[in-house]
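Residue numbers (our numbering): 378 to 678. Take a look at the structure below.
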Ligand code: 6CS
Ligand code: FE
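What follows is the structure in structure tokens.
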């Protein structure tokens, strides 16, 4: 019988203080040193809650993906689909969810042998895709993302029981200082910050455009920023940021003319499959939370 006890109460009617993490960051002693990540890289991920690699993929390898993004922008049906989120009050695409199910090219990339081996090394098990998305963040029009923990949402709204998941953000267009790079708070993954505010039904219809529910309080943010500062990994197309499911992150609006389009693959351990949403609402759509295909991913040939 699955243990469905809620160890991470959040979306409450009153403020509950943050508390220390109860799950390991790196999930297996045996696999910790058996994978492409060096001991120093594993230690850095464990300490900071993320690790980044400049030019993990060749810039040229990203060209086909960029062309896909351009094609999607001109695909009226795709823009109308529920998995496509537009910028608030605009016609520009903000995100496309479930991209690995739309495109074989993106699906293969989720099974890149080096990427998959690193993820398995950190999560200490076979893995499957919980969620995939492209965040377009177009020049001039791309809005930001409030500070948040993905796990806080995935636990509350998708029923993800424990912190045994991570995101691989693949940089499709150069992430520079001025086009709204991903910002992370080093060490924040070691604390769970319960959030105040009941989750409305169909919250995702709002939260994916602009998040109000599941945003940590400023006092907790201030404390964690004072401890760990803020880092914004930058790099050319093809760069990679791997961040733990509970690492606080966000990003600013894009005031530059250059898009900041990143791909996000969320890997979950096959030992951490979804329960009923802990917030008590009905489950979110499949394009946000995979509840039907938990088969372990095999490396692409
Ligand atoms: O609700 C979600 O699953 C999405 N929300 C945010 C702000 N980050 C993770 C994910 O894309
Ligand atoms: Fe997020």
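We treat Cβ as the ideally placed atom computed from N, Cα and C, and that holds for glycine. Here the structure is a predicted model, which is why all the values come from computation and not from measurement.
Taking the alpha carbon of residue i as the reference point, which residue from the options has its own alpha carbon closest?
i: residue 529; options: 669, 676, 674 and 396; result: 396
i: residue 629; options: 589, 623, 560 and 657; result: 560
i: residue 673; options: 608, 654 and 648; result: 648
i: residue 473; options: 665, 621, 652 and 602; result: 665
i: residue 460; options: 615, 675, 605 and 583; result: 583
i: residue 631; options: 515, 423, 414 and 448; result: 515
i: residue 576; options: 553, 570, 564 and 589; result: 589
i: residue 608; options: 498, 524 and 416; result: 524
i: residue 618; options: 502, 596, 519 and 558; result: 558
i: residue 387; options: 518, 538 and 669; result: 538
i: residue 480; options: 669, 448 and 579; result: 448
i: residue 611; options: 546, 599 and 500; result: 546
i: residue 553; options: 439, 438, 431 and 425; result: 431
i: residue 518; options: 463, 483 and 457; result: 463
i: residue 596; options: 578, 572, 616 and 581; result: 572
i: residue 439; options: 616, 634 and 623; result: 616
Tell me the residue span of the beta strand (DSSP E) that contains residue i.
i: residue 627; result: 626 to 628
i: residue 509; result: 504 to 512
i: residue 470; result: 470 to 474
i: residue 430; result: 427 to 430
i: residue 567; result: Careful: residue 567 lies outside any beta strand (DSSP E) and carries neither H nor E.
i: residue 461; result: 461 to 463
Give the secondary structure of residue i by DSSP, where H, G and I count as helix, E and B as strand, and everything else as coil.
i: residue 447; result: helix
i: residue 560; result: strand
i: residue 605; result: helix
i: residue 544; result: strand
i: residue 484; result: helix
i: residue 517; result: coil
i: residue 493; result: helix
i: residue 620; result: strand
i: residue 555; result: coil
i: residue 643; result: strand
i: residue 434; result: coil
i: residue 418; result: helix
i: residue 664; result: coil
i: residue 390; result: coil
i: residue 423; result: helix
i: residue 442; result: helix
i: residue 378; result: Because residue 378 carries a pLDDT of 44, less than 50, the predicted location of this residue cannot be relied on, and no value is offered for it.
i: residue 600; result: helix
What's the C-alpha gap between residue i and residue j?
i: residue 657; j: residue 591; result: 15 Å
i: residue 690; j: residue 452; result: The structure shown has nothing for residue 690, since the chain only spans 378 to 678.
i: residue 641; j: residue 391; result: 32 Å
i: residue 394; j: residue 442; result: 42 Å
i: residue 513; j: residue 469; result: 9 Å
i: residue 471; j: residue 412; result: 35 Å
i: residue 663; j: residue 585; result: 15 Å
i: residue 446; j: residue 493; result: 23 Å
i: residue 389; j: residue 570; result: 11 Å
i: residue 378; j: residue 650; result: Reliability fails at residue 378, whose pLDDT of 44 lies under 50, so the model's placement of it is uncertain and the value that follows must be treated cautiously. So the two alpha carbons sit approximately 13 Å from each other.
i: residue 457; j: residue 450; result: 11 Å
Considering just the uninterrupted stretch of the alpha helix (DSSP H) at residue i, what are its terminal residues?
i: residue 583; result: 581 to 584
i: residue 455; result: 453 to 457
i: residue 409; result: 406 to 409
i: residue 534; result: 527 to 535
Kindly give me the distance between the Cβ atoms of residue i and residue j, rounded to whole angstroms, as I take these residues to be in contact under 8 Å.
i: residue 400; j: residue 540; result: 4 Å
i: residue 601; j: residue 655; result: Incorrect: roughly 23 Å between the Cβ atoms, too far for contact.
i: residue 564; j: residue 605; result: 4 Å
i: residue 532; j: residue 506; result: About 18 Å separates the two Cβ atoms, so there is no contact after all.
i: residue 643; j: residue 508; result: 4 Å
i: residue 550; j: residue 603; result: Not a contact, Cβ separation roughly 32 Å.
i: residue 626; j: residue 536; result: Their Cβ separation, rounded to whole angstroms, is 22 Å, which puts residue 626 and residue 536 out of contact at 8 Å.
i: residue 646; j: residue 415; result: Going by Cβ atoms, the distance from residue 646 to residue 415 rounds to 22 Å, so no, they are not a contact pair.
i: residue 676; j: residue 490; result: 4 Å
i: residue 422; j: residue 499; result: 6 Å
i: residue 504; j: residue 639; result: Actually they do not touch by this definition, with Cβ atoms about 20 Å apart.
Item checked: Quiz: which residues have CB nearer than 5 Å to the ligand FMN non-hydrogen atoms -> This structure simply doesn't include the ligand FMN; it includes the ligand 6CS and the ligand FE instead.
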